[in-house]
Amino acid sequence: MGAPSIVHLPDGQHFTVKPVFAGLFFKSHELSTHPHSFPIGWTVVLHTQDPNGVESRRPSADSTADEDAPQGDQNDQNDQNDQNDQNDQSDEKDHGSNSPRKQNGMLAAAEHGPRVRAYTRPTLHDDCLFISSISNPSSSDFKPAASPTRQIAMMLWITLYWYFHQQPVPDSVLPATDASLQTPPAGRPRGEWRINIRRDGVLRARNLLPKLERMGLVATLDSAVGIAPHDAHPADGAWDRIFVSRRAFWQIPARLFLFTLQPSPRHTDSYPGSPASSRPVSPAQGNPLVIVPDTGGLDDDALVNSRRSLDAALEAVSTVASIMTQNSFPMGPFYSSSHLPTYYPPAPPQYTITNHVRHPVRPKPPRSGEVFYSRFVPSAGSYLSFRVASLSPRPVTYQGAVGPSPPPQGAGARHGQHHKNGGVPRIRAAAMEHAHLGLLSDTELLKAWLSKPRVAAFWGSFVPDFLLQALALRHSFPVVAMWDGVPFAYLEVYWLKEDPIGRHLGAFAGGSAADWDRGVHVLVGEEWARGLVPLWLSSMVHWVFTADYRTMSVVVEPRIDNERFIQHLQAGGFVKEMELSLPHKQAWFGRLRRENWEGPAL
């Protein structure tokens with residue numbers, strides 16, 4: 001499984017994944033605040049099943065029990081196995097390959113499942129994993145999770161996040177069968193990349209897998225109630241065929257599972273366990289004597305209580321001051337002062353009419369200046385984030401995560417070229433070189449971008465109320481895209497049905513706008529950020545599909561002569577449906593449907 005790797009989560013947490021004897025260990029960087037006998041994290045057993053062979057033994061959380069058997073019993077068992085092998089060979093010589101003894105042996109081996117081998121690279125649907133053990137931090141450092149099920153769900157989500165980043169991506173062509181044997185490989189049926197979740201180890205708990213299935217994290221093809229009694233143990237096999245597909249995983253909101261443990265409160269005394277009279281005091285310059293404060297005639301107990309009250313008051317004042325100086329909006333989509341998941345399901349539909357178009361009442365977008373999406377892109381070695389544009393004359397301070405320095409091994413090998421200095425990916429290096437863009441307000445950024453002939457040819461010239469008009473629209477909101485907090489592009493996300501584009505669709509045969517379809521307008525302002533359309537466009541699609549499960553497609557309508565951008569759209573899965581004759585342009589109308597989207601570009 002190679003050398004240890006680092007997983008950069010969307011919320012800024014980091015985990016080191018390294019091979020261990022039993023599989024893989026996920027070590028948390030943020031929870032490992034103090035040296036511990038056992039690293040903080042969890043162990044995962046990951047193996048590959050070979051459907052072409054059979055083996056009677058599979059990795060299990062209890063497999064060490066066989067290894068602890070007495071040596072004499074093992075020798076007796078080995079002697080018995082050798083004797084059975086000799087008998088099988090004798091029967092095979094006397095009766096041929098169709099002997100009843102051999103057939104019974106093959107059936108018995110087949111009942112134990114497919115042959116298992118060590119995991120080396122991802123397969124289309126033969127990999128299998130389970131969580132075997134968990135090492136929690138000390139209660140003196142962090143409070144235990146309020147819900148152990150939620151904690152296990154987060155661990156499984158992080159494990160799957162690491163797994164679906166593995167390279168190379170397995171070939172989606174299914175193995176040849178009698179029906180497809182004569183079909184060329186390019187035309188054979190294709191399958192989805194998925195991994196099997198085994199009910200073993202930590203996942204063996206009675207109601208754990210049913211809870212994970214209700215959360216939407218795992219799935220099963222057996223949707224029947226079953227004939228087993230209600231009080232039967234899950235060992236009846238109803239939860240043995242659990243899996244997670246890559247397509248479904250990337251459509252699950254990360255905010256549904258990611259959270260952090262709450263630190264344990266510290267004692268209010270600055271020097272716990274030390275009497276007040278023995279606290280160290282720095283002597284005045286040039287005076288070797290220790291300055292003893294005037295106690296005012298108080299006894300020791302009263303003095304200790306007085307100082308503790310003073311420390312508590314100072315801490316309270318400091319807490320209030322820190323709260324008052326914090327931003328009025330969260331630092332990111334995963335920020336929670338209660339250390340709980342930040343996902344909330346969308347409200348039930350209510351309808352209204354705008355410009356003679358009946359459409360659902362839309363939820364308010366994130367607040368002005370708020371970061372609502374963040375993801376680490378391995379090929380760029382940087383964090384990509386989206387935030388709502390702001391009318392503030394001051395720059396919006398970025399407080400989110402940034403890429404590692406130096407970047408992880410292999411970063412920039414696919415989409416970004418390495419920089420000439422130190423092997424830094426091009427995007428990571430360019431973001432550091434253009435960090436001054438973070439000192440500009442959004443109005444200044446748009447003015448600079450729209451003054452470029454390349455951008456003005458498609459968007460027109462800058463007008464002073466450009467951003468004001470965009471923020472006042474009820475069916476769309478403006479977005480600033482950033483690499484490691486450095487702005488590089490401007491986008492507009494809109495609801496299609498009440499947008500002018502949606503109203504024009506009704507005049508064309510085959511045109512349609514569903515209640516929850518969305519569209520995107522795009523402007524790339526920085527030259528150093530061009531050529532990476534798949535990375536940030538697939539990320540915007542990622543946010544759209546996870547923000548509301550009812551959104552079934554995303555549309556774009558660039559001008560027909562924007563050939564370079566249209567090529568990127570087609571490579572990203574957008575399909576041309578028609579050309580629209582709008583008052584101001586001839587548009588290439590393309591759509592990407594949810595069922596055709598496999599995940600964000602990595």
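1 is the number of the first residue of the sequence shown in UniProt numbering; add one for each residue after it. Ideal Cβ placement from N, Cα and C applies to all residues, glycine included.
Query, Result
"Range covered by the beta strand (DSSP E) that runs through G519", "518–524"
"Those residues which DSSP pairs with K27 across a bridge", "T16, G41"
"Pairwise C-alpha distance: V463 and F164", "44 angstroms"
"Nearest-angstrom Cα separation, counted from Y161 out to W588", "35 angstroms"
"Three-state secondary structure assigned by DSSP to M432", "helix"
"For Y344 and L256, the rounded distance between their alpha carbons", "8 angstroms"
"Under 8 angstroms between C-beta atoms of P393 and S441", "yes"
"Local Cβ density within 10 Å of T159, reported as buried at 16 or more and exposed below that", "buried"
"Residues of its chain near R362, where Cβ-Cβ distance is below 8 angstroms and the 5 sequence neighbours each way are ignored", "R474, H475, W495"
"Beta-bridge pairing of N196 - partner residues as DSSP gives them", "C128, F243"
"Run of the beta strand (DSSP E) containing M155, from where it starts to where it stops", "Unbroken run through M155 is the alpha helix (DSSP H), 148–163; no beta strand (DSSP E)."
"Exposure of Y351, with buried meaning 16 or more beta-carbon neighbours within 10 Å", "exposed"
"Coarse secondary structure for P263, derived from DSSP in three states", "strand"
"Burial state of A254 (16 or more Cβ within 10 Å)", "buried"
"Three-way DSSP call (helix, strand, coil) for G187 in this model", "helix"
"Cβ-Cβ distance between W250 and S133 below 8 angstroms", "no"
"Segment limits, alpha helix (DSSP H) that includes M540", "533–547"
"Residue of R387, I152, R117, S379 minimising C-alpha distance to P365", "R387"
"Residue nearest to W516 in terms of C-alpha spacing, selected from L261, M552, H29, H14", "M552"
"Best match in S139, W543, L384, G23 for proximity to T120 [C-alpha to C-alpha]", "G23"
"DSSP bridge partner residues for H8 (one or two, in chain order)", "H14"
"Option in P175, E192, V396, R194 with minimal Cα separation from P185", "P175"
"Between the CA atoms of R117 and N87 - distance to the nearest angstrom", "Residue confidence for N87 is low, a pLDDT of 46 falling below 50, so the modelled location carries little weight and cannot support an answer."
"Rounded straight-line distance, which links the Cα of H542 to that of V522", "16 angstroms"
"With 16 other Cβ atoms within 10 Å as the buried cut-off, status of A146", "exposed"
"Best match in R564, F334, G599, P346 for proximity to S538 [C-alpha to C-alpha]", "G599"
"Residue of L221, M578, L46 minimising C-alpha distance to F21", "L46"
"Segment limits, beta strand (DSSP E) that includes Q586", "586–593"
"Spatial neighbours of P333 in its chain, beta-carbon cut-off 7 angstroms, leaving aside the 5 residues before and after", "R255, T342, V371, F372, Y373, S374"
"Check whether G525 and V455 have beta carbons under 8 angstroms apart", "yes"
"Of the listed residues V173, E192, G191, nearest to T183 (C-alpha basis)", "V173"
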